[in-house]
Amino acid sequence: MTTVLECINAGTTYLEKRGVEDARRNMQFLVAHHLGCSRMDLYLRFDEPLDESTLAPLRVDLKKRGERIPLQHLLGKVSFYQHEFHVDARALIPRPETEELVEMLVSEVKPTPRQILDLGCGSGVIGLSLAAAWPDAQVTLADVSTAALTLARENAQGLDITNVEFLETSLFSGIAGRFDLIVANLPYVPEVDRPTLTPEVGHDPDLALFSGADGLDLIRQFCPQVSQHLHLGGTVAMEVGHDQGEAVCALLRAAGLSELQLRKDISGIARFPLAKMPASSNSVGTAASL
Numbered sequence: 003m004t005t006v007l008e009c010i011n012a013g014t015t016y017l018e019k020r021g022v023e024d025a026r027r028n029m030q031f032l033v034a035h036h037l038g039c040s041r042m043d044l045y046l047r048f049d050e051p052l053d054e055s056t057l058a059p060l061r062v063d064l065k066k067r068g069e070r071i072p073l074q075h076l077l078g079k080v081s082f083y084q085h086e087f088h089v090d091a092r093a094l095i096p097r098p099e100t101e102e103l104v105e106m107l108v109s110e111v112k113p114t115p116r117q118i119l120d121l122g123c124g125s126g127v128i129g130l131s132l133a134a135a136w137p138d139a140q141v142t143l144a145d146v147s148t149a150a151l152t153l154a155r156e157n158a159q160g161l162d163i164t165n166v167e168f169l170e171t172s173l174f175s176g177i178a179g180r181f182d183l184i185v186a187n188l189p190y191v192p193e194v195d196r197p198t199l200t201p202e203v204g205h206d207p208d209l210a211l212f213s214g215a216d217g218l219d220l221i222r223q224f225c226p227q228v229s230q231h232l233h234l235g236g237t238v239a240m241e242v243g244h245d246q247g248e249a250v251c252a253l254l255r256a257a258g259l260s261e262l263q264l265r266k267d268i269s270g271i272a273r274f275p276l277a278k279m280p281a282s283s284n285s286v287g288t289a290a291s292l
């Protein structure tokens, strides 16, 4: 009978032959998922035999992973900023960089914002994480995709987060009022990059990925409108592509926002433009990369 370790070794070889990055880690997660344990628990179970009732469905998922269906879709979940979210093909799989943005906002935005907009919310990881961190805030999660909003609602229900509302809209077209914090993780992948993306990315919705030839079509629409939806002194925070930060800061500056910063992610990539709605009309700043 095949042991846990033998299964991991065989599955790792299978995935490596099919070009899956970090194949052993992927196989460990699949085995742990089917055993109902954590990945770390596997180290205590290497010699445990696996019966056919476990191996049969595991083989199905292993074949799917070899076909480059994302690991997160097979597991049906992802850990993100202290919570576990359901994920599937209805919305973009949350990226580690996005978690860094949430951590930055929770630790640095003072005072606690009372009215928050997560524009382009997808599965809801940003808005729901902020709602959980700031239970006295009211968070609006907005997206143009009906399917993504349904997934975000499911995540809110699963996490019992109630200080939220959901709105189907294209950018600001259906949004009234102003906010203390607007977070926007809009599509920013240039169409010309499509052939270079991994097969896994092909399972994300196009609507959540691509935005014109240079990736900035939606962002160009967003920036001139954002000041109309921020309270005085309010903050806008964005996630953009690795080479788009300066261009996006220029768009925010042209829209009259101030105190611009271009913050780096953990890899040193300037990925997070932040700016404020001036408390008065005589302050427009320049971007500082911190």
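Taking my numbering as reference, the numbering of the sequence shown is continuous, increasing by one, and the terminal residue is 292.
Ideal Cβ positions, reconstructed from N, Cα and C, are used throughout, including at glycine.
*Alpha carbon of Ile-163 to alpha carbon of Ser-147, nearest angstrom*: Indexing the sequence shown from 1 puts residue 163 at position 161. Indexing the sequence shown from 1 puts residue 147 at position 145. Approximately 21 Å, taken between the alpha carbons.
*Delimiting residues of the alpha helix (DSSP H) encompassing Phe-174*: Start at 1 with the first residue of the sequence shown, and residue 174 comes out as number 172. Unbroken run through Phe-174: none, as it is neither H nor E.
*If you draw a straight line from the alpha carbon of Ser-285 to that of Ser-260, how long is it in whole angstroms?*
Here the question's residue 285 lines up with position 283 in the sequence shown. Here the question's residue 260 lines up with position 258 in the sequence shown. In this prediction, Ser-285 scores a pLDDT of 47, lower than 50, which makes its location untrustworthy; the coordinate-derived value is nonetheless stated afterwards. About 6 Å.
_Which residue marks the beginning of the beta strand (DSSP E) containing Pro-275, and which one marks its end?_
The sequence position of residue 275 within the sequence shown is 273, counting from 1. First-last of the beta strand (DSSP E) with Pro-275: 272-278.
*asked:* Measuring straight from C-alpha to C-alpha, what distance separates Asp-206 and Ala-91?
replied: Position 204 of the sequence shown, counted from the first residue, corresponds to residue 206. Position 89 of the sequence shown, counted from the first residue, corresponds to residue 91. Roughly 6 Å between the two C-alpha positions.
*Out of Asn-157, Ser-175 and Val-111, which has the shortest C-alpha to C-alpha gap to Ala-139?*
The sequence position of residue 139 within the sequence shown is 137, counting from 1. Closest option to Ala-139, judged by alpha-carbon separation, among Asn-157, Ser-175 and Val-111: Val-111.
*Quick one: is Lys-278 buried, meaning 16 or more other Cβ sit within 10 Å of its Cβ, or exposed?*
Your numbering for residue 278 matches position 276 in the sequence shown. Answer is buried; the Cβ neighbour count reaches 16.
*Find the nearest neighbour of His-75 within the set Phe-82, Tyr-83 and Lys-66, judged by alpha-carbon distance.*
Reading the sequence shown from its first residue, position 73 is the one you call residue 75. Ranking the options by Cα distance to His-75, first place goes to Lys-66.
*asked:* I'd like to know if the stretch 38-56 and the stretch 70-87 are in contact, where contact means that at least 3 CB-CB pairs between them fall below 8 Å.
replied: These segments do not touch.
_the stretch 199-215 contacting the stretch 99-113, beta-carbon criterion three pairs below 8 Å_ = no
*Put Gln-140 into one of helix, strand or coil per three-state DSSP.*
Locating residue 140 in the sequence shown gives position 138, counting from the first residue. It is a strand residue.
_Using only the alpha-carbon positions, how far apart do Glu-69 and Val-22 sit?_
In the sequence shown, counting from the first residue as 1, residue 69 sits at position 67. In the sequence shown, counting from the first residue as 1, residue 22 sits at position 20. One C-alpha to the other measures close to 9 Å.
*Name the residue from Ile-271, Gly-258 and Thr-237 whose alpha carbon lies nearest to the alpha carbon of Gly-243.*
Position 241 of the sequence shown, counted from the first residue, corresponds to residue 243. Looking at the Cα atoms, Ile-271 is the closest of the given residues.
*asked:* Between Leu-32, Phe-174, Ile-177 and Gln-159, which has its C-alpha nearest Val-6's C-alpha?
replied: Here residue 6 is taken as the residue at index 4 of the sequence shown, counted from 1. That would be Leu-32, whose Cα lies nearest to the Cα of Val-6.
*Could you check if Leu-44 is buried or exposed, using at least 16 other CB atoms within 10 Å of its CB as the buried criterion?*
Taking the sequence shown and counting its residues from 1, the one referred to as residue 44 is at position 42. Label assigned to Leu-44: buried.
*Would you check if the stretch 118-125 and the stretch 82-102 touch, i.e. whether three or more CB-CB distances between them fall below 8 Å?*
Touching, per the Cβ criterion.
*List in chain order: all unbroken beta strand (DSSP E) runs of 3+ residues lying wholly within the stretch 43-87.*
79-82
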